[in-house]
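What follows is a set of notes on a single structure, which appears directly below.
Chains as they are written, first to last, in the numbering used here: chain A, 424 to 860; chain B, 53 to 455.
Okay, here's the thing in structure tokens:
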């Protein structure tokens, strides 16, 4: 155990090639049992707190808006009985994970996601004992709140996959939010706002990229400073300009809600995914697009090669600096759209520091989702879900310490980065400058 | 001083194969005095451009710019005089004060607001020197605040002892929270940047919960807002000049902290070990230093400095404690540490500069210039320091000879 962590810590900071025991022997590396332990803990929590000590009152799950094409009736169950059932399912998943560990195979990501989904359902059932759970409402809010996180994290994935750590997501989101609101108001054209938001954020990323790639300035430091700079500039412009002249410069409104026929009538998820603003649809397109680019095209293969082993990539003729520069820039453009989703895709005006740490959450989401667009989106939804849960839990059962619900995603991220949910392996050259010499 | 720093530089050459983070940090540390001054000048200059471009009075003169360019020029000068003049008036000396006491109030405010920045900045700098990037000062300060608030509002102790106990508890709470980061880093290899960011949010939510709960920290007769009582009189940090000025003994804490930092990092075996891990982890390990426990101790000591900053905040507030009392010190401290070049003296000076920014803000606001511009100036100054190519390109500085 201690030997392994030594080499882990060493590779985290040095640019040397990692020397692992696996290089010298073909003995299988043991799969850690931590995942099973964490699952067992949460299973017990659900069984005891929500099940055994839960309330026997009924809880009604509302699955879709009334009177739609594919109407599914609400169903009502007893809160604690339902939680016991879900706890049982969680128990099975835990057993399955443990069995996999004994067979020395890692727990697949989809199983962990399923575990999380069931756990979240039992939380809903526990919170709403004696009331009803408006699933379409909760989910569609969770999606809207998750969109900036997803897009910010996609930008982060693109930049980390080529080996540039992007701490500046917060600054990119804020830039996008600001530019979208201002340009959208001044030109009275939301699409123009959206496009300029992407461009502005891409330009910001270019400065990050060139400082990190060409001048080899430490990527973390430069990212932190870009955040501070953007917060400063937007705060200044907000109080000096927007606050006094809000009607003309900070009143863009939001995109219309577009209902896609048929699809939006699907129970549970239809309302959330297919009766929303265009920013949500852009996200629905971008996530698979980025995944395809990264994992199914020559361009993506090159990008990943640069992020894993720049020297090898350089040797086979890939221009490391140029690849890094353009991927970081493109990632910045996507994060800028995420920022626009905050203003013209949700609130309808810019507010001081309105990204409020979402960029840092996106940073965590990148790791939680293991640098893979689909998993990243799922992780972002977890955060979106937690935000709306806090608001909703306050209404449905006042007195519950909602601060702890807010804490959950952060703790889950901590558990994940600490290796309790399988080994998290970043792109090998992430954060390391590369210079030909 | 100059001789000593030359020696230090000579014995620690930039190692091209070494840890890249420490190379950058060394570059920052070796930033020449000229470069620091140039960065500050350039930061203020760009801030001035922003102030002029977005000022209504100046914008109004644009219409007649070609017939009467003097107007634009005068209006621009007036904005600068109002803005930076206001900063000086608010942060150094106010010649328009009613009496002498009021005239000298600004400088005392600068010292008062600089104190927590210096303390937290020292903590961040310590982790930089160990090769760790600690963004967690916010969370550590919040946990320190939780401890200080508990002792100062819920425990009865005699005058003097109460304050000392509250300060110590704040330091311990923060140090434990910091040690968690070191532990996770050492045991699991988790990157400290992510761990500290997550722990910041956990700490903030935890503290909010404490403040919300009547049995714990919620103020007497408190309502829905998470807020505690102000600290008991016996636990308050004593003011230096009675009721005349708000400045309290926190600034002495800052001086003491800077001295301890210097002693620890430049005069002790522990500090030597810290720096060795920061310079070259493999070499340190080969030399028999326990790198893992060094991470834990470094994070704990760093957080202890943040805890002192928390005590400074929590034990001087007369209006009750809320989560916003951490006043973004955790993040400002990063810029303080970077500008201060990780040396005790440098951090003290950098803390004073940014303390002056905070002290001068209200006066700028009164003068009609949005003080948020100082945030831009602050970020630019540190950006120029941290990215030497920028300032070198701008002023066409020669390459430094010593490498």
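For glycine and all other residues, C-beta sits at the position ideal for the given N, C-alpha and C.
In terms of beta-carbon proximity, residue 202 of chain B stays away from the interface with chain A, with every pair separated by 9 Å or more. Among the residues facing chain B, residue 627 of chain A is not included, as its CB has no counterpart in that chain under 9 Å away. Bridge partners of residue 557 of chain A according to DSSP: A/485. At least 9 Å separates the CB of residue 777 of chain A from every CB of chain B. For residue 345 of chain B, the uninterrupted alpha helix (DSSP H) segment begins and ends at 343-366. Residue contact with chain A for residue 251 of chain B: present (Cβ-Cβ distance below 9 Å to some residue of chain A).
Between the region 575-584 of chain A and the region 697-715 of chain A there are three or more C-beta pairs closer than 8 Å, enough to call the two in contact.
In the three-state reduction of the DSSP assignment, residue 380 of chain B falls in the coil class, being assigned neither a helical nor a strand state. Look at residue 327 of chain B here: in three-state DSSP terms it is helix. Residue 387 of chain B has a beta carbon lying within less than 9 Å of a beta carbon in chain A. Pairwise C-beta distances place the region 133-146 of chain B in contact with the region 405-419 of chain B, as three or more of them are shorter than 8 Å. By a beta-carbon distance limit of 8 Å, residue 530 of chain A contacts residue 523 of chain A. Their separation comes to about 6 Å.
For residue 499 of chain A, the enclosing beta strand (DSSP E) has its first and last residue at 498-501. Going by C-alpha positions, residue 634 of chain A is about 38 Å away from residue 158 of chain B. The beta carbon of residue 214 of chain B lies closer than 6 Å to those of 286 and 287 in the same chain, with the five residues before and after it left out. When B/107, B/149, B/151 and B/140 are compared, the shortest CA-CA separation from residue 130 of chain B is found for B/107.
Look at residue 591 of chain A here: in three-state DSSP terms it is coil, with no helix or strand label. Taking 9 Å as the threshold, the shortest C-beta distance from residue 349 of chain B to chain A does not fall below it.
Non-local beta-carbon contacts of residue 98 of chain B in its own chain, meaning distances under 8 Å to residues more than five positions away in sequence, involve 428, 429 and 432 in chain order. In terms of Cβ geometry, residue 584 of chain A and residue 749 of chain A do not form a close pair [threshold 9 Å]. Within the region 822-836 of chain A, 824, 826, 827, 829, 830, 833, 834 and 836 place their CB atoms closer than 8 Å to a CB of chain B, listed in sequence order.
When the beta-carbon positions are compared, residue 603 of chain A and residue 762 of chain A come within less than 9 Å of each other. The beta carbon of residue 856 of chain A lies closer than 8 Å to those of 635, 636, 639 and 642 in the same chain, with the five residues before and after it left out. At least one beta carbon of chain A lies nearer than 9 Å to the beta carbon of residue 434 of chain B. Taking a cut-off of 8 Å for Cβ pairs, the region 344-355 of chain B and the region 149-168 of chain B do not touch, as fewer than three such pairs fall below it.
As DSSP reads the structure, residue 375 of chain B sits in no beta bridge.
When CB distances to chain B are screened at a threshold of 9 Å, the residues of the region 586-607 of chain A falling below it are 588 and 590, in chain order. A check of alpha carbon separations from residue 704 of chain A across A/681, A/459 and A/833 identifies A/681 as the nearest. By the CB criterion at 9 Å, residue 505 of chain A and residue 482 of chain A fall inside the cutoff. DSSP places residue 495 of chain A in the coil class of the three-state scheme, outside both helix and strand. Against chain A, the CB of residue 441 of chain B has a partner CB under 9 Å away; the residue lies at that interface.
Judged by DSSP in its simplified three-state form, residue 120 of chain B adopts coil rather than helix or strand.
Looking at the DSSP output, residue 677 of chain A bridges to nothing. Unbroken alpha helix (DSSP H) runs of no fewer than 4 residues, entirely contained in the region 786-859 of chain A, are found at 796-819 and 825-840, following chain order. At a cut-off of 9 Å between C-beta atoms, residue 664 of chain A counts as an interface residue with respect to chain B. Residues of the region 258-269 of chain B whose Cβ lies closer than 8 Å to any Cβ of chain A, in chain order: 258, 260, 261, 264 and 265.
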